[in-house]
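Reading the sequence shown from the start, the letters are residues 8 to 300 in this note's numbering.
The C-beta atom is built at its ideal place from N, Cα and C for all residues, glycine as well.
Structure record follows, encoded as structure tokens.
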Amino acid sequence: MLQGVCTAFFSMALQLGIIDALPDKDRSQGISLYSLCSYMPGIVGPLLALGIWQAGDTNYFTVVMIAIAICTGVVGYSAKMDKKEEDQPVSNNTVQGENMFKSFSQLVKNPYLFKCSVLMLVASIVFGAVTTFIPLYAVQLKGGNAGIYLMLQAGTVVLARFALRKKIPSDGKWHSAFIMVIMLILAVAAQCVSFSIAGGAVFFYVGAGLMGIAQALLYPTLTTYLTFVLPQINRNVLLGLFIAMADLGVSLGGVIMGPIADLSSYSFMYMICASLGVAMIIFSYDRRKIFVG
């Protein structure tokens, strides 16, 4: 529990610091690169853990953890971020505390937060279903390997977030076509995984690459958009709610999709995920003035 609390607040504080420190035109790239760096330990960590385990000496684990903690502290305390005071509204901490509990209603009342939260929640359900059930689904496929799938997906996330970071809009406008393409990629990825039970492992691994692209682009795109349109007075709280929706979706991916897979099959469950992606393509389209400006 302590690790979860530390991770949540540490990650949120860094993201908010990046948002406040970077100019508007570079905000999307900063968020994308930060999310890339936060994803890297998920790739390096298991390899490092495997090496420590194979070494057979638990002291290595202690040394590595202490070294990581010291490096993090040194970098954190030595980092400097200059903020323009005139761009930051003066806010009262007491007022922010009172608004924190009222902000939950903004998930529905605020049209920007509502749309982005629904998109992120549903997409995260698909991401969570992939992470949870791919190891079980892969054993049913001829030539399927969960390790290769997850490695391809993770590698694609890393490459896409770095290579496509400048493509992410950073103008505070709702780009329906861009979001719809991301959700289309997500839907096609889930359908490829579903069809691989009949079409073969090629569709399985193509789905991994497409899933990685969708995962790489969606979060920084929606987060960047929200940093422009949310009210400054409680922007940090509302962004925290949005991030929480992303984490909730990953958890629900296993909770909701598990019973569906038990009652039908993993292939059918991933077809449901593809259907959710199609629904989000329609949901992401919006030409109302409040969105396009």
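Do you know how far the Cα of residue j is from the Cα of residue i?
i	j	result
Q95	Q239	Because the pLDDT of Q95 is 49, which lies under 50, any placement of that residue in the model is unreliable, and the number read from its coordinates should be weighed accordingly. About 8 Å.
R172	L114	27 Å
M187	A74	43 Å
S291	L55	40 Å
G265	L23	34 Å
L224	S39	8 Å
Q160	L166	10 Å
I263	L229	24 Å
C21	T138	Looking at the sequence shown, residue 21 is not Cys but Leu. Taking the straight line joining both Cα atoms gives about 25 Å.
V146	S85	48 Å
A281	F202	11 Å
I250	Q61	36 Å
I59	K116	49 Å
V82	I26	19 Å
C78	M287	41 Å
V164	V213	14 Å
E92	L248	Only weak support is given to the placement of E92: the predicted model assigns it a pLDDT of 48, under 50, and the question is left unresolved by the model.
Q36	D64	41 Å
F17	S45	11 Å
M19	S42	11 Å
G125	A28	Residue identity differs from the one stated: residue 125 is Val in this sequence, not Gly. About 28 Å.
K109	D33	31 Å
Y277	D254	20 Å
Check whether chain C comes within 8 Å of residue i, counting only Cβ atoms and requiring the distance to be less than that.
i	result
A184	The structure shown has no chain C; it contains just one protein chain.
With distances taken from CA atoms, which of the options is nearest residue i?
i	options	result
F140	A268, F16, K122	A268
G179	G151, S124, F235	F235
G219	S85, I189, L245	I189
C123	V82, T163, L237	L237
R168	F210, Q222, V195, A208	Q222
P227	T163, A136, K174	K174
I289	A215, L191, F211, G256	L191
R242	L217, I204, F111, G135	F111
G207	L248, G150, I77, F16	G150
P142	F16, A215, Q36	A215
W181	M19, S18, L157, P118	P118
R294	A62, S183, L245, F16	S183
L193	I59, I279, S271, D64	I279
A205	G256, P176, F275	F275
D31	F68, S177, G162	S177
Looking at residue j and residue i, is the spacing between their C-beta atoms short of 8 Å?
i	j	result
I155	G260	no
G284	A153	no
M252	L148	no
Y144	Y273	yes
V4	F185	The requested residue 4 is not part of the displayed model; the chain covers only 8 to 300.
L245	L157	no
G135	S271	no
G256	A76	no
So the alpha helix (DSSP H) residue i belongs to, where does it begin and stop?
i	result
I289	273 to 291
S85	65 to 85
P142	118 to 145
I263	242 to 270
G150	Looking at the DSSP string, G150 is not in any alpha helix (DSSP H), and its letter there is neither H nor E.
S112	Per DSSP, S112 belongs to no alpha helix (DSSP H) and is neither H nor E.
L237	That residue, L237, is in no alpha helix (DSSP H); it is neither H nor E in DSSP.
G179	Element bounds for G179: n/a, residue is neither H nor E.
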